[in-house]
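Residue 632 in the numbering used here sits at position 340 of the sequence shown, with consecutive numbering throughout.
Don't be surprised by glycine CBs; every beta carbon is placed ideally from N, CA and C.
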Amino acid sequence: MPQQIWPRSFQYFRNVKMFLISLCVIIALFLCGIFYLLYAKTTDLLSERMREQASTYADLLLHMKNWNYDYGGVYVEKGAGVESNRYLLGLGVNPDVHAEYGRVLTLRNHAIMMDEISRLSERNDGTRFRAVSRKPLSPGNVPDETEKTALRQFEQGSREFSRIEVDASGKPRFRYLLPLFVEASCMECHRSQGYHVGSVIGAISVSTPATQMMDEIGTNKKLVIAAAVLTITLLVGIVYFLTWRLVIKLDDAQKQLKKLASTDELTGLKNRRQIMQRLGEEFERSTRLDEPLCIIILDIDHFKRVNDTFGHPCGDQVLKQVALRISDSLRRYDSVGRIGGEEFMIVMPGAFLEDARTLAERQLHTIRNESFSDGQNTFSLTVSAGVSMLTASDKHVTTLIKRADNALYAAKQNGRDQVMVA
C-alpha cells in the first residue's frame, strides 16, 4: 500500500523547521537580489537611452552653433514676428541690413537661432533647449538652479550633467547639459566680461519630457516585482513540498528501522531484546507498586523433527502460525516475543499465578487442536509451558526468568504438552 505523503501534520517538521525556514529565506534573498539587479539594469538602460537622446540633441546644437559662426551668422528677412536682436545693438553691432526693393534683413546669431528652433521643437515633441551662460547678456540665457549646479560642476572638470526632475506642472523631465568653452569666436561679444579662451562660458541645456520613460520604469518595476513574487513563491513551495516529502520518507524509514530493531523478522513479534526490555520495565513497575507480574515461556515440542522431516521453510511457517495463535489469545496489555529458535515469552502485568496458568493451558489447547501443513503433509504440534510469578525475594528479573525456564524444563521432562508452575 503506498505511503501517505501529503498532507501530514506539521509536527513532522519540528526537527527541520529552522533548516527549512533558513533555506527559504536564503532562496528568497538570492532571488530578490537577482531581480533587483535586473530592475536596476533595466532602469539604467532606460536612463542611458534618454541621456543618449539628449546628448544627440546637444551635439546637433553644438554643430549648428559652429555652422552659424562659420557663416558669420545667418540673415533672415524681417517681417511679422521677426524682430532685430536688441542685445546685439547693445554691444554696438547693427544686426540689420537694408537690401534692394526696401527689404530689410536682420542677423540671427547662434543664440537667437537656438532659441527659435527650441520653440519649434517644444511645440513638436515637448523638447526644449537653450544656451545658458555664467554671465548672460540676454535674460533668456540666465541659468536656473539646476543649470547653476551643472555650471559649477563643469568648472570643476565635469564633462556632462544629467538628472530627472519634476517641472512646475508636476511632470517629469530629463535635464541634460553639455559645457561650452570660450573660443576665439566668442570674444567678439564676451571680451568685456573677463573670459579667456578655454574657460567655461556656459552650457547647452536640453530638457526633454520623461513621462514615457518613467511610465516604462514603473511598468518594469511592477513586472519585476510580480515575476519575483511568483518565482519566489513557486520555488519556496517546491522546496517546502520536497522537504516535507523528504522528512516524511526519513521519518517512515526511521520507523521502519526502529521496527526492525525491535521486531522478530520472521514472526512479527517482539524480538528477544525488546521483550526483555518490556519485562524489565514491568518488573521495575510491579516491584515499586507491589503489583503481581507473571511470565510464561513456551517451547514447541519436537520442533527439530519438523525441520528435519518437512524442511526449514515448513518450520518457518509453523513458527509464524504458532506466533499468531499465541498473540490472538492475549489480553490487551500483555506482551509476547520470540526469545529463541522455537521459544516464546509472554509478559503478563497485573496477573496472578492462576491467571497465567489458565492462559497457558488455553494456549496449549489451541495449538494442540490446530492442524499444520507443508502443502503436502498435514501434522499436529504440541507446546510445553513454564509459568512463574514475581515474589518479594526476586531482586532481579533474571530470577523470575530462571524459575519459568526451570518450570518449562520440568514440563519437558514430565512428558511435554503440559504447563508447569514454578
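Asked, Found
"Is the closest heavy atom of the ligand FAD to the C-beta of L571 under 7 Å?", "The ligand FAD is absent from the structure shown, which contains no ligands of any kind."
"What are the boundary residues of the alpha helix (DSSP H) that includes I313?", "309-362"
"Is T674 helix, strand or coil by DSSP?", "coil"
"Could you tell me which of M568, K427, G432 sits nearest to R420, measuring between CA atoms?", "G432"
"Scan the segment 677-708 and note each continuous alpha helix (DSSP H) run of 4 residues or more that stays entirely inside, going in chain order.", "689-705"
"What number of angstroms, rounded off, separates the C-alpha of F636 from the C-alpha of E653?", "15 Å"
"Check whether the Cβ atoms of L571 and V713 lie closer than 8 Å to each other.", "no"
"In three-state terms, what does DSSP make of T555?", "strand"
"Between the segment 422-441 and the segment 516-529, do three or more beta carbon pairs fall short of 8 Å?", "no"
"Once you ignore the five residues that flank R396 on each side, which residues in its own chain have a CB closer than 8 Å to its CB?", "What sits at residue 396 in the sequence shown is Val, not Arg. So the list reads E369, K370, D388, V389, H390, once near-sequence residues are dropped."
"Name the two residues that bound the continuous alpha helix (DSSP H) containing E653.", "645-660"
"Is it buried or exposed for H402, if we count other Cβ within 10 angstroms and need 16 for buried?", "buried"
"Taking DSSP's pairing of strands, which residues face L585 in a bridge?", "P641"
"For the beta strand (DSSP E) that P501 lies in, which residues bound it at each end?", "492-501"
"Beta-carbon within less than 8 Å of L585's beta-carbon, same chain only, minus the 5 sequence neighbours each way: which residues are those?", "E574, F575, S578, V639, M640, P641, G642, A643, M681, L682, L692"
"Rounded to whole angstroms, what's the CA-CA distance from N698 to L552? Just pull it up for me.", "31 Å"
"In terms of residue numbering, what span does the beta strand (DSSP E) encompassing P605 cover?", "Not the beta strand (DSSP E): P605 falls in the alpha helix (DSSP H), residues 604-620."
"I'd like to check one pair, V679 with A702: are the Cβ atoms closer than 8 Å?", "no"
"Could you tell me the alpha carbon to alpha carbon distance between V528 and I318, rounded to whole angstroms?", "10 Å"
"Looking at C-beta atoms only, is the number of pairs between the segment 526-541 and the segment 595-615 that lie closer than 8 Å three or more?", "no"
"Would you kindly check if the distance between the Cβ of C606 and the Cβ of D666 is under 8 Å?", "yes"
"Run through DSSP, which three-state label would V385 get?", "coil"
"How far does the beta strand (DSSP E) with E369 in it extend, from its first residue to its last?", "366-369"
"By Cβ distance below 6 Å, which residues in the same chain neighbour M342 in space, the five residues on each side in sequence not counted?", "F466, M505"
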